[in-house]
Amino acid sequence: MTEEEIKKTVFQLLQRIAPETDPSRLMPEENIREALNIDSFDALQFIVSISEKLNVDIPEEDYGKTSNLKSLLAYLEKKVKK
Amino acid sequence: MIKFQMPNLGADMEAGTLVEWRKQTGELLHRGDIIADVETQKGLIEIEVFEEGTLEKLLVKEGEKVPVGTVLALINDGKAEVSESTIPAEEVPKQEIHPIEDRVETPHEKIEEGERIKISPLARKIAEANQVDISLLKGTGPEGSIVKKDVEEAISEGEKPTQEPVKKPDETKEISAKPATANANAMRMAVAAAMSKSNREIPHYYLEKRMDMSKAMDWVKEANKERPIQKRLLPVALLIKAVAKALDEVPDLNATWENGLQRKNEINIGFVVSLRSGGIVVPAILQTDSKTVDEIMETINDLIPRARAFKLRSSELSQSTFTITSIGEGGADKVFGLIYPPQVGIVGFGEISEQPFAEDGMLGIRPVVDVTLAADHRATDGLIGSRFLAALNRYLQNPEEL
Chain R
1 MTEEEIKKTV
11 FQLLQRIAPE
21 TDPSRLMPEE
31 NIREALNIDS
41 FDALQFIVSI
51 SEKLNVDIPE
61 EDYGKTSNLK
71 SLLAYLEKKV
81 KK
Chain G
1 MIKFQMPNLG
11 ADMEAGTLVE
21 WRKQTGELLH
31 RGDIIADVET
41 QKGLIEIEVF
51 EEGTLEKLLV
61 KEGEKVPVGT
71 VLALINDGKA
81 EVSESTIPAE
91 EVPKQEIHPI
101 EDRVETPHEK
111 IEEGERIKIS
121 PLARKIAEAN
131 QVDISLLKGT
141 GPEGSIVKKD
151 VEEAISEGEK
161 PTQEPVKKPD
171 ETKEISAKPA
181 TANANAMRMA
191 VAAAMSKSNR
201 EIPHYYLEKR
211 MDMSKAMDWV
221 KEANKERPIQ
231 KRLLPVALLI
241 KAVAKALDEV
251 PDLNATWENG
261 LQRKNEINIG
271 FVVSLRSGGI
281 VVPAILQTDS
291 KTVDEIMETI
301 NDLIPRARAF
311 KLRSSELSQS
321 TFTITSIGEG
331 GADKVFGLIY
341 PPQVGIVGFG
351 EISEQPFAED
361 GMLGIRPVVD
371 VTLAADHRAT
381 DGLIGSRFLA
391 ALNRYLQNPE
401 EL
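Line by line, the protein sequences give chains R and G.
So in this note's numbering, the last one in the first sequence is 82, and the numbering has no gaps at all.
So in this note's numbering, the last one in the second sequence is 402, and the numbering has no gaps at all.
Next up, the structure:
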C-alpha cells in the first residue's frame, strides 16, 4: 500500500465519522480530534476501523501517535511496511 | 384485555407518530417483541410490548400522531377485565398534564363525555373563576380527585411566560418531517422543553469531589493490553460501573420524584450521547449493576452509534433511573448537569487530566477527574449526595473489585 493509498483510507474513515467535514483540508500538525470535533468514543472507533482496514495492530500506548496527520501517516506507513 | 398505550419515552415527549405496525391482529405477542415503530423527536423508535397475549385490535392507524397515553391497541391476555399495559406503568414517569401544553397539542384528548370528573367544590369554584378547563387536570387528591392545589398549580403554570415560547415551535413542526434541519430543530425543542421543565421544577443542589484516577487508569491500561483492539475499554465504562455500585449503596439517588421519592428496583443508567448535528440523546444501559465492565463497554459500543442514527428501542429511552454525563478527553474540567425529570440525580465527569494531587503529606502529579453531582433537594439532602460521591471514589480506588 502506497503512502497515497494510506492517506486516502485515513480521509475516508475520518469522513465516515465526521461526515460534514473535509478531512483533506487538515493541516499536517493540526490536532485531528479537535479540528474535526471527534469525541473519545469516535476516536476509538476510528482507530479500530483503521487497524482493520490496513490490517495493523495499534497498541493503546501508541494512540498518542495518531493525534495529527503527520505523525499518524508516518506511524501507519511504518506499520504497513512491517 | 390489556390496553397498550403510546409510551412516554422521556420527560420531553408529548406525542408520537405511529409509523408502522410490526404485528398484525391475531398475532401472538411475547414479552420484548417489537410491536410498532413510532417516530418521535428522537427519531424512529422500536416499541416493545411487555406482556404476553394475542393482538386483539389495532386502534390507531399508521401515520397518525397521538399523545402519550393514547391506547394504541388491545392485547388479549385471556383475562376478562381491562387493565393498562403494565410495564411502562412502573418505569415510565406518570404523565403530568400541563393545561397549556395540552391545549396546544391535544385538544381531542379531553376526558370523554359522560365520564364524571372528581373535583372538590372549592377547586371547581376556583377553576371556574379562572377559566381553567378541569377536564385537562390531573387530580392529586383522594381517588385522583382534583383539589384546590391542582387548580392553583394549573393557573400558575398557565401564567408562566416561558412556557409558550418553548413549546410552540415544537408543536407546529411536523415531527415526521424528514430533512435533517427539521429533525435537528425538533431535537433542539425537545431538549429545550425537558431542560426548562427541569430548571423550573427541580430545586437542584450541587456537590463536587476531585478523584484520583491513577489506579483506575492503570487498571484500564492493563486490561487493554490483553484485549484485541475491538474489545478495548474506555475509562468511561469503568466510571459507569462505579456509579452503578455507588447507587446500589445509596439507593435514594436511584429513584424518581413523583408525589414523593420512589426508589427503583433496577439500576438503569442513562448515558448522555451528544449528536454531531446538535442535541443529545440519553439511552439507558439496562441493569447496569449486573453488567461487567466489558459488558458495559459492549453496550456502549452498541448504543452510541444507534443513538446517533436515531435507532433506539423504547425501553432504552424510557427506563433510565439515573443519568451520567461525561465530557471525555480534550474537554472541560467540570460539568454541572441538569437532572432529567422525574429522576433525582445526575453525575458529571469532567476530562481526566494530570493535576497536582496531595495525599499522606506528599504531593504528586496524578490523573484526576472532577466529579459533580446535581441532585433534587426535594428528594435527598447533601449528606446523601456526599455519601454517594464518597462511595464512588472508594470504588474508583479499588477498580479490581468492580
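Virtual Cβ for every residue (Gly too), placed ideally from N, Cα, C.
Since the structure is predicted, the reported quantities are computational estimates derived from the model, not experimental observations.
Put residue i into one of helix, strand or coil per three-state DSSP.
i, result
"MET1(G)", "coil"
"ASN37(R)", "coil"
"SER51(R)", "helix"
"VAL49(G)", "coil"
"GLN24(G)", "coil"
"LYS57(G)", "strand"
"ARG308(G)", "helix"
"LEU383(G)", "helix"
"VAL71(G)", "strand"
"PHE407(G)", "As displayed, chain G neither begins before 1 nor continues past 402, which places residue 407(G) out of reach and without an answer."
"ARG263(G)", "strand"
"LEU286(G)", "coil"
Taking only the alpha-carbon atoms, compute the straight-line gap between residue i and residue j and give it to the nearest angstrom.
i, j, result
"GLY78(G)", "GLY53(G)", "7 Å"
"SER80(G)", "LEU136(G)", "Sequence inspection shows Ala at residue 80(G); the Ser mentioned does not correspond to that position. Going by the C-alpha atoms only, they are around 29 Å apart."
"ARG263(G)", "PRO228(G)", "39 Å"
"TRP219(G)", "GLU298(G)", "18 Å"
"GLU258(G)", "ASN55(R)", "53 Å"
"VAL60(G)", "GLN24(G)", "12 Å"
"GLU20(R)", "ARG276(G)", "9 Å"
"MET1(G)", "GLU64(G)", "23 Å"
"THR325(G)", "THR40(G)", "22 Å"
"GLU201(G)", "LEU383(G)", "22 Å"
"PRO107(G)", "LEU9(G)", "In this prediction, PRO107(G) scores a pLDDT of 39, lower than 50, which makes its location untrustworthy; no coordinate-derived value is stated."
"GLU61(R)", "LEU234(G)", "13 Å"
"ASP57(R)", "VAL80(R)", "10 Å"
"ASP289(G)", "LEU239(G)", "12 Å"
"ALA284(G)", "LEU312(G)", "10 Å"
"LYS241(G)", "ALA74(R)", "37 Å"
"ASN37(R)", "ASP22(R)", "12 Å"
"LEU72(G)", "LEU58(G)", "6 Å"
"ALA407(G)", "LEU338(G)", "No statement about residue 407(G) is possible, as the shown extent of chain G runs from 1 to 402 and does not include it."
"THR256(G)", "TYR340(G)", "10 Å"
"GLY260(G)", "HIS377(G)", "12 Å"
"LEU44(G)", "THR2(R)", "42 Å"
"ILE111(G)", "LEU303(G)", "Legend: pLDDT at ILE111(G) = 41, less than 50; position of this residue unreliable, value from coordinates given subsequently. ILE111(G) and LEU303(G): Cα-Cα distance of roughly 38 Å."
"MET217(G)", "GLU329(G)", "13 Å"
"LYS225(G)", "ALA15(G)", "47 Å"
Give me the DSSP bridge partner(s) of residue i.
i, result
"LYS65(G)", "THR17(G)"
"VAL281(G)", "VAL273(G)"
"ALA356(G)", "The displayed chain sequence assigns Pro, not Ala, to residue 356(G). BP columns for PRO356(G) point to ILE365(G)."
"MET211(G)", "VAL369(G)"
"TYR205(G)", "ALA375(G)"
"GLY345(G)", "ALA375(G)"
"ILE34(G)", "GLU48(G)"
"GLY43(G)", "THR40(G)"
"TRP257(G)", "LEU261(G)"
Name the chain R residues whose beta carbon is nearer than 8 Å to that of residue i?
i, result
"LYS149(G)", "Within 8 Å Cβ-Cβ: nothing; LYS149(G) doesn't reach chain R, min ~45 Å."
"ASN224(G)", "GLU60"
Starting from the beta carbon of residue i, find every residue of chain R whose beta carbon is closer than 7 Å, and list them in chain order.
i, result
"GLN230(G)", "VAL48"
"ILE304(G)", "PHE41"
"ASN393(G)", "None at all; the shortest Cβ gap to chain R is about 22 Å."
What in chain G is Cβ-close to residue i, meaning under 8 Å?
i, result
"ILE58(R)", "ILE229"
"ARG16(R)", "Going along chain G, no residue has its Cβ under 8 Å from ARG16(R), so there is no contact; the nearest lies around 11 Å."
"ARG25(R)", "Correct list: empty, because the minimum Cβ distance to chain G is about 17 Å."
"LEU44(R)", "ARG232 and LEU234"
"GLU34(R)", "GLY330"
Do residue i and residue j have their CB atoms nearer than 7 Å?
i, j, result
"ASP37(G)", "VAL19(G)", "yes"
"VAL250(G)", "ARG394(G)", "no"
"LYS334(G)", "GLY350(G)", "yes"
"ILE296(G)", "ALA223(G)", "no"
"MET213(G)", "ILE300(G)", "no"
"VAL132(G)", "VAL147(G)", "no"
"LYS245(G)", "GLN397(G)", "no"
"GLY348(G)", "PHE357(G)", "no"
Give me the chain R residues within the contact set of residue i, using Cβ-Cβ distance strictly less than 9 Å, ordered along the chain.
i, result
"LYS221(G)", "GLU60 and GLU61"
Which residues in chain G have a C-beta closer than 7 Å to the C-beta of residue i? List them in chain order.
i, result
"SER51(R)", "ILE229"
How would you list, in chain order, the residues of chain G whose beta-carbon sits under 9 Å from the beta-carbon of residue i?
i, result
"GLU20(R)", "ARG276 and SER277"
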